[in-house]
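Counting in the UniProt record's numbering, the sequence shown runs from 1 upward without gaps.
Beta carbons are placed, not taken as given, at the ideal position from N, Cα and C, and that holds for glycine.
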Amino acid sequence: MELVMLSGGVLVVPVLAFITSFLFWPGALLKVYNWYWRCRLGLVVRYSHSGNYRFCYSSRGKPGDDAPSLLLLHGFSATKDMWLPVIKYLPKNQYVVCVDMPGHEGTSRTGAEDYSILGQVGRIHQFVQSIGLNKKPFHLIGTSMGGNVAGVYAAHHPSDLCSVTLICPAGLVYPTETPFISRLRELEKSQQEGSIPLIPSTPQELEDMLRLCCYTPIKLPKQVLRGLLDNRIPNNGFYKEVFMEITGEKSRHSLQENLHLIKTPLQVIWGKEDQVVHSSGATVLKGALPHCQVDVLENCGHSVALERPRKAATLIVDFLSAQEVNSENSKKLS
1 MELVMLSGGV LVVPVLAFIT SFLFWPGALL KVYNWYWRCR LGLVVRYSHS
51 GNYRFCYSSR GKPGDDAPSL LLLHGFSATK DMWLPVIKYL PKNQYVVCVD
101 MPGHEGTSRT GAEDYSILGQ VGRIHQFVQS IGLNKKPFHL IGTSMGGNVA
151 GVYAAHHPSD LCSVTLICPA GLVYPTETPF ISRLRELEKS QQEGSIPLIP
201 STPQELEDML RLCCYTPIKL PKQVLRGLLD NRIPNNGFYK EVFMEITGEK
251 SRHSLQENLH LIKTPLQVIW GKEDQVVHSS GATVLKGALP HCQVDVLENC
301 GHSVALERPR KAATLIVDFL SAQEVNSENS KKLS
């Protein structure tokens, strides 16, 4: 999940674009605001078709020889625009692609077969091929659900990639479980219908979700909460369908089950106070992949791309630079 911060009562830019990207700020304002910030950052919305399937994505720049292209995968019920705060701090000459995940925002909404983690991996690979992104190995970044997808993608399509960044990824067996995960287990055992904290249907549930997903306390005016909720509720049926797929038996541990297949250089970024998926997952990744780089950020929750966008961008750029140095050294030794 990705959230919003307030500063002196004014929504911080480009944080408003971030929260509206997955909570759907009322109609035209959302479109105009996100359009404005995409323009400021040099991003253009595009569409790619593969058969009857449509992908919606935004991109900036063109593939270059000096730096790898970046493909960014958002989390559950977010959109491509959730990455705007991070892109603000990425090099302007870097080719950046942000895609709406299957069924989200402008990408085709089909059925459950596309919403499992393996289903999403298949669709993202289809997208990569449709725009020719894998003509040269690229760097893949994913957060939360998108982190699960990115990790499994690395396991299944290693030749596409030069490296991967996982931010608070889902799909692991966590040594320490958050209360959120424990509640999901209880709901599953009881087989009773219960509210899913990431799919709010009342103003109180929306506020609870905001507190769950972000370390920094968030307070929004009641009319704003009501507007966000009114525009989100029509999509709740779809969100529930996706949620049931990614937390079902076939997908809930997809990343864990594929760790042994990941050979691509890996970076892990985690918010220490993550209340959705516990930061102890970083130790799981480090144990399975000893050479991966791990950074756990203090005073940061699940929404790293919102709470620490500059730090996240800096870590990613530094990691890519280190991989380039390692590659050059390997060439000299060979």
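Between the options, which has its C-alpha nearest residue i's C-alpha?
| i | options | result |
| --- | --- | --- |
| residue 364 | E249, C214, N326 | Residue 364 lies beyond the residue range present for the chain, which begins at 1 and ends at 334; the question has no answer from this structure. |
| A112 | E207, K240, H49 | K240 |
| C98 | G227, T143, E307, R310 | T143 |
| M209 | S59, L266, Q275 | Q275 |
| K88 | V284, L187, G42 | G42 |
| P265 | T176, P217, S195, P290 | P290 |
| I196 | L184, T283, K135 | L184 |
Less than 8 Å separating the beta-carbons of residue i and residue j?
| i | j | result |
| --- | --- | --- |
| V149 | H253 | no |
| L161 | P137 | yes |
| I141 | L255 | no |
| Y53 | S108 | yes |
| G248 | G146 | no |
| V242 | G103 | yes |
| F319 | T165 | yes |
| I262 | A154 | yes |
Using the rule of at least 16 other Cβ atoms within 10 Å of the residue's Cβ for burial, across every protein chain shown, is residue i buried or exposed?
| i | result |
| --- | --- |
| C168 | buried |
| C300 | buried |
| T202 | exposed |
| S163 | buried |
| V325 | exposed |
| L133 | buried |
| E105 | buried |
| K219 | exposed |
| R308 | buried |
What are the boundary residues of the beta strand (DSSP E) that includes residue i?
| i | result |
| --- | --- |
| V128 | Looking at the DSSP string, V128 is not in any beta strand (DSSP E); the run it does join, the alpha helix (DSSP H), is 117 to 130. |
| L167 | Sequence check: residue 167 is Ile here, not Leu. It spans 161 to 167 - the beta strand (DSSP E) in which I167 sits, taken as one unbroken run. |
| I269 | 266 to 271 |
| L70 | 70 to 73 |
Whole-angstrom Cβ separation of residue i and residue j, contact assumed at under 8 Å?
| i | j | result |
| --- | --- | --- |
| G151 | G122 | So it is not a contact: roughly 15 Å between Cβ atoms. |
| P228 | L206 | In the sequence as displayed, the identity of residue 228 is Leu instead of Pro. Their Cβ separation, rounded to whole angstroms, is 7 Å, which keeps L228 and L206 in contact under 8 Å. |
| I269 | D295 | 5 Å |
| V96 | G61 | 7 Å |
Under DSSP, the alpha helix (DSSP H) around residue i begins and ends at which residues?
| i | result |
| --- | --- |
| Y239 | 236 to 246 |
| H156 | 145 to 156 |
| V224 | 222 to 232 |
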